[in-house]
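Numbering (mature numbering (1 follows the signal peptide of the UniProt record, and there is no 0)), first residue to last: -24 to -1, 1 to 401.
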Amino acid sequence: MNWIKISLLLCSFGFLKEFRPGEAFITEYLTSWKNLTSTQVIEDVYPLATYSNLINTIVMLLLTDFLRYKPIIILCGLSGIIIYLLLTFTNQLITMKLFEFGFGLYLSTDIAYYTYIYAKVEREHYQKVSSYTRSAFLFGRFISSSLSQTLITFNLLNYHQLNYLTIGGQIAATISALLLPNVEQSIYFHPKLDVPLTNRYDKIKKAYQMLWNDFIKAFTNRHVLKWSLWWAAANCGYVQVLIYSQALWQTAVKNDQQLYNGLVEALYSIIGAIAVFFVGMLKLNWSSVGEIILALFTWIESIILFVISSNYNLWFLYVLYIIFGVIYHAIATIASSEVAKKISRDSYGLIFGIVLIISLAMESILTFFIATGNVFELNIRQQFTIYAGYFGVFAMIFTIISIFKIIKKIKNGEEIKIWIDNDTN
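Laid out in structure tokens, this is it:
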């Protein structure tokens, strides 16, 4: 099967996987149809997905390569069917917790989706197919959110009935996963060698040697370490905002005010996709001005969250949420690109997984101390004030790094080059 057909199948899976219309109103659904309180949702239910995602991502990072990708992609579809059946047809608090734990497994399988191409498609097509798979992901979210908002606004379906569409999307995604061609070779556990290894112990030993070598090579590079630190930290904060924004919006709803969560998610997805596209075309000298850009936009993210924590205008909160998300995706695109430039292409999946695990570990710590009420009993708006401070800390770190770097360049008489020349690769 040629790379175009493989791309279409993989993109179909990515699109269908993200076709989850009910997700734009999940908090409202849990607090109305499932009779859970906002406190139960925030403190007892949502945190389980974070913990589960961390544990399962560690496992999936190794299993994805060992099982050669496709079984994990199929697992993603099957787990999606099971957890949304659980969400739709059960009502107890314990089953909602099981749903969130299963959702963590579901999210962890994304590693297989994003790294399958590196094992199945020729290197010259990596950039194109990477772009296609990410676009399919965002387009799926856009269509899903647009449809859910339309159906809810015109009273064609209710929140509960949206789940039936989600289940249908997961079934279709699983079928498309089954149609993907098998992967004969993988990067670490099943590599193409001049002299094939027949002993299983030798294969595992060789795989871990390659894993360790790629890890050391990547994270002893200061450029990779710097961008990976921001990427992990920003992703942690971004996911916390993504998970708990609906709960915060509920505190701004007045007198049965119509919710437009689906519209917001749709706009956020399409504007984010456009921003990512144009950011990828910028010819900035990121090695020279990267820290300054990171500091600037991290400060903006911090300020946005601080304003969100104290504002009660629902539409203004929607706008700030979109701006926050678009900024994150734009800078995260640069961060992933800068990391990718300094590592071997074969190790991108490994490094992506490690950055994700670090991010999830940070997220688990934040969740335990801030969201669950186990340590600090904070309401949702106080939690967002903490998230604003969290981004402020990292903004300060990169501001200090920027200042020292500028001083060093001035002392050494080096030019601070902002733009890359057209003839520079």
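Yeah, the Cβ is synthetic: ideal placement off N, Cα and C, and Gly gets one too.
Treat the numbers as computed from the prediction; the structure is a model and nothing was measured.
C-beta atoms of residue i and residue j nearer than 8 angstroms
| i | j | result |
| --- | --- | --- |
| I(-19) | K104 | no |
| V255 | I310 | yes |
| F360 | V351 | no |
| I48 | A88 | yes |
| Y22 | Q125 | no |
| T91 | L336 | no |
| G238 | S122 | yes |
| L63 | F77 | no |
| L(-9) | A149 | yes |
| residue 443 | A249 | Only positions -24 to 401 of the chain appear in this structure, which leaves residue 443 out of reach. |
| M(-24) | P167 | no |
| Y274 | F370 | This sequence places Thr at residue 274; Tyr is not what is there. The answer is yes: Cβ separation under 8 angstroms. |
| Y27 | S340 | yes |
| L201 | I396 | no |
| I18 | Y288 | no |
| I246 | F118 | yes |
| S(-13) | S106 | no |
| G116 | G(-11) | yes |
| L51 | T85 | yes |
| L69 | D20 | yes |
With 16 other Cβ atoms within 10 Å as the buried cut-off, status of residue i
| i | result |
| --- | --- |
| T400 | Low per-residue confidence applies at T400: pLDDT is 47, beneath 50, and the placement is therefore not dependable, though the value from the model is reported in the following sentence. Exposed, because fewer than 16 other Cβ atoms sit within 10 Å of the Cβ of T400. |
| K387 | exposed |
| Y45 | buried |
| W291 | exposed |
| W225 | buried |
| I330 | buried |
| Y5 | buried |
| H229 | Before going further, note that residue 229 is Val rather than His in the sequence given. So V229 ends up on the exposed side. |
| S286 | exposed |
| E100 | exposed |
| G365 | exposed |
| T129 | exposed |
| V315 | buried |
| N211 | buried |
| K181 | exposed |
| T196 | exposed |
| F1 | buried |
| L138 | buried |
| K10 | buried |
| W262 | buried |
| T13 | exposed |
Proximity to residue i [Cα-Cα], best of the options
| i | options | result |
| --- | --- | --- |
| I298 | E277, A311, I310 | E277 |
| E391 | T348, T227, L326, S264 | S264 |
| F65 | N(-23), L83, D190, I143 | I143 |
| M338 | W206, I147, Q222, R357 | W206 |
| G389 | K73, S335, K381 | K381 |
| S120 | M372, Y140, A210, L260 | Y140 |
| F282 | H305, K259, Q358, A194 | Q358 |
| S204 | I334, V229, K(-8) | I334 |
| I383 | I268, L114, L24 | I268 |
| T343 | F253, Y214, W262 | Y214 |
| A25 | Q216, W395, D232, A271 | Q216 |
| I379 | Q233, R(-5), L270, T71 | L270 |
| I57 | L81, T375, L38, A347 | L81 |
| S162 | L30, I373, A183, L132 | A183 |
Limits of the alpha helix (DSSP H) - the one that residue i falls within
| i | result |
| --- | --- |
| E314 | 290 to 317 |
| Q226 | 198 to 226 |
| T13 | Run containing T13: none; DSSP gives neither H nor E here. |
| M(-24) | Segment: none, M(-24) is in no alpha helix (DSSP H) and carries neither H nor E. |
| N29 | 22 to 42 |
| D322 | Unbroken run through D322: none, as it is neither H nor E. |
| S378 | 356 to 387 |
| K182 | 176 to 195 |
| P167 | Premise fails: P167 is in no alpha helix (DSSP H) and is neither H nor E. |
| S55 | 46 to 65 |
| I246 | 237 to 255 |
| F79 | 69 to 84 |
| Q146 | 135 to 154 |
DSSP beta-bridge partners of residue i
| i | result |
| --- | --- |
| T332 | In the sequence on display, residue 332 carries Leu and not Thr. DSSP output for L332 lists no bridge partner at all. |
| L123 | L123 is not bridged to any residue. |
| W395 | L260 |
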